[in-house]
Amino acid sequence: ILEQVKARDESLKLDADKVWLECNGTPLKIYYPIGVLFDLYKPIDSPTMTIVIKTGPRPDGVLSVSKDAMESMFMQSLKEANYLKRRRDEAINIGPMNINNCGQVLFMVSTSLFPFLFHPSPTDIEDRFDDFWSVNRRLMETSEERPFCDIPIRLYITEQPFRQILQPPFDSNGEPRTLSQALDSLSHDLVENAKYRFISHGITVPLETPLTYLGKNFAYPDNFVHICAVRSNSFST
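Take the sequence shown: its position 208, counting from 1, is numbered 208 in the UniProt record's numbering, and each next residue is one higher.
Here it is, written out as structure tokens:
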């Protein structure tokens, strides 16, 4: 965001280490995926969210995170998601890949994404998406013979740390687990009384959605499924 602002006004002097971002009076955790911030804070009556660049003292708990640190955090999330999905195969193969070149594949995914995650332009996205997907699809492959071990899912609620526990795609009877079951394992009151809508990529996700479907179709570039719990009276789709 700061680089795009400075590109519009070259005379503007912004020190990335001294600024922080705010939306509707709420300081933003800039290390969260932008899609998560959008789903959490987009006003009900607007298709967009307005982000304010602040240069005053930071509120307590608002950290400065450098671009290098964010790249490292992305890479760590990608590795964690891959481990959750494939750990039982780690000593043998990871999908069609031998463990010896798994690190190379993860590196290829991250490097194909970084140019348009951290220096975005329409040309970068158009030119590099095919390169990214040719590698990332290998991390997303699953079948009846080789299912995901767990589905990497994180749940976000405003003013709380994100929640994450192991989420196997099948129950003890071999039946597919759903988003509702995953949410219940995180907190028994999440789905009661329709208090929340559960949003990902701006879409209200049905509670009966199988976890494997989410893992294959709703994963972010870091291979996690990021779900936001938004109070039903504050969001509409």
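Glycine residues also receive a C-beta, built at the ideal position from the N, C-alpha and C atoms.
Computed from a predicted model, the values in this text were never measured in an experiment.
When LEU40, LEU14, ALA7 and SER11 are compared, the shortest CA-CA separation from CYS228 is found for LEU40. DSSP, read as helix, strand or coil, puts PHE198 in strand. With contacts defined as CB atoms closer than 9 angstroms, ILE153 and ALA194 fail to qualify as a contacting pair. Straight through space, the alpha carbons of GLN76 and VAL191 are spaced by roughly 30 angstroms.
GLY61 counts as exposed, since fewer than 16 other C-beta atoms from the protein chains shown sit within 10 angstroms of its C-beta. The Cβ atoms of TRP20 and SER64 sit closer than 9 angstroms to each other. When the beta-carbon positions are compared, ILE157 and GLY215 stay at least 9 angstroms from each other. Within the model, the alpha-carbon separation for THR55 versus VAL36 is close to 23 angstroms. In the three-state DSSP reduction, PHE170 falls in the strand class (E or B). Residues MET49 and GLY202 of the same chain have their beta carbon placed closer than 8 angstroms to that of PHE38, with the five preceding and five following residues left out of the count.
LEU207 sits close to THR178, with the two beta carbons spaced by under 9 angstroms. According to DSSP, LYS54 shares a beta bridge with TRP20. Between ARG87 and the set LEU139, PRO59 and PHE129, the nearest pair of CA atoms involves LEU139. Counting along the chain, VAL36 sits inside the alpha helix (DSSP H) bounded by residues 34-41. In this structure, LEU84 sits near PHE148, with a CB-CB distance shorter than 9 angstroms.
The C-alpha of VAL52 is placed about 13 angstroms away from the C-alpha of LEU14. The shortest CA-to-CA distance from SER180 to any of PRO169, PHE162 and GLY174 is the one to PRO169. Linking LEU2 to PRO47 through their CA atoms gives a straight-line distance of about 22 angstroms. Inter-residue distance for HIS226 and SER185 is about 16 angstroms (C-alpha atoms, whole angstroms).
DSSP places LEU155 in the uninterrupted beta strand (DSSP E) bounded by 153-156. Distance between PRO161 and THR26, taken at the CA atoms: about 15 angstroms. Annotation: the continuous alpha helix (DSSP H) that includes ALA182 extends over 179-186.
The C-alpha of PRO210 lies about 6 angstroms from the C-alpha of PRO176. Judged by DSSP in its simplified three-state form, ARG86 adopts helix.
LEU166 counts as exposed, since fewer than 16 other beta carbons sit within 10 angstroms of its beta carbon.
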